[in-house]
Amino acid sequence: MSALVGLLGGLGLFLVWSAFWPAPETPHHRTRRNRLTELLHQAGVGQIAPASLVASSLGLGLLLALLVFALTGAVPVALCFGIFSGYLPFALLQRRARRRSGLLRALWPDVVDHLRSAIRAGLSLPEALIQLGVKGPVELREEFGRFGADYRASGHFDSSLQRLKDRLSDPVADRIIEALRLTRDVGGSDLGRLLGTLSEFLRDHARTRSELAARQSWTVNAARLAVAAPWIVLMLMATRPEAIAAYNSPMGWAVLGGGFVASLVCYRLMLRIGALPEEQRVLA
């Protein structure tokens with residue numbers, strides 16, 4: 028009985044002690060989203076559900092596989108082209124995300140300049156961001172307009188800023204938004220100087236990256252053509268009855284399987300070697 032009383036007394040003292048220390052909160056913006064959701068936001072189509080994208084890819088792959096099989100009668104050929112076509116929506120989405128990232132990279136210096144001018148003119152941070160929905164770059168006015176509507180409806184700056192960051196899904200936007208958040212939380216008079224330095228850095232970075240991308244684009248396009256050429260020839264050959272019979276044999280399955288794996292490995296290796304370093308969203 029005495030042991031139970033001692034245990035309960037110790038538990039009570041521990042609860043009293045723990046009450047003086049607030050439990051760490053897990054903010055919403057630190058919740059990791061899956062890679063497909065992140066890719067959709069980076070491509071500017073965050074309203075599309077990942078499940079819808081996967082279902083569309085599977086449907087497209089199945090449809091093209093059936094079409095190729097109806098034209099050629101070769102099951103392995105239809106299967107290969109069905110897999111390629113199923114990957115097509117993801118490839119287009121990645122291309123759209125890269126193009127949008129490049130566009131934003133060229134626009135962020137202007138956004139920073141607008142913010143710096145608005146803050147130097149005496150506007151508050153929310154007013155400066157809302158003003159970008161009217162006077163900022165045309166491509167970003169919708170996002171900042173949605174921030175303004177969100178802020179007016181909720182009156183909560185941090186949550187509206189977090190939703191803006193989630194919609195933009197850009198590492199440069201993360202740095203700008205976190206700098207604004209920190210300035211609003213702790214105050215400071217160096218925000219104008221910080222934004223000026225950031226604007227110069229972003230312009231130099233965008234100029235250097237565009238030069239590198241222009242120099243390597245022809246190499247990447249040539250490599251993609253080299254990967255696609257054998258499969259174009261295969262599609263033409265599959266219209267001949269003797270080729271269909273050869274590919275429907277076990278040896279034909281092995282040849283197509285080996286070619287598919289080699290094309291996939293070479294294509295991924297080409298993308299790995301030719302890709303420019305991408306900025307990571309360390310502040311997401």
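Using my numbering, read the sequence shown as starting at 28 and increasing by one per residue. Backbone N, C-alpha and C fix where the C-beta goes; we use that ideal spot for every residue, glycine too. The structure displayed is predicted, hence computed values, not measured ones.
Item: Cβ-Cβ distance between Gly223 and Ile146 below 8 Å; Value: no
Item: Helix, strand or coil at Gln74 [DSSP, three-state]; Value: coil
Item: Contiguous alpha helix (DSSP H) assignments of at least 4 residues, all confined to the stretch 146-212; Value: 152-162, 165-181, 184-195
Item: Proximity winner among Arg126, Gly129, Ala92, relative to Tyr114 (alpha-carbon distances); Value: Ala92
Item: Residue from Phe171, Pro136, Pro103, Met264 with nearest C-alpha to Asn275; Value: Pro103
Item: Asn248 - containing alpha helix (DSSP H), residue span; Value: 218-264
Item: Neighbourhood of Ala105 by C-beta, 6 Å cutoff - its chain only, sequence neighbours within 5 removed; Value: Ala92, Val95, Phe96
Item: Assigned exposure category for Thr99 - 16 Cβ within 10 Å defines buried; Value: buried
Item: Buried or exposed (CB count within 10 angstroms, at least 16 for buried), Arg127; Value: buried
Item: Close beta carbons around Pro77, own chain, < 8 Å, minus the five adjacent residues each side; Value: Asn61, Leu63, Thr64, Leu67
Item: Selected residue, minimal CA-CA separation from Leu188, among Ala155, Trp245, Leu150; Value: Ala155
Item: Sub-8 Å separation of Val72 and Arg132 beta-carbons; Value: no
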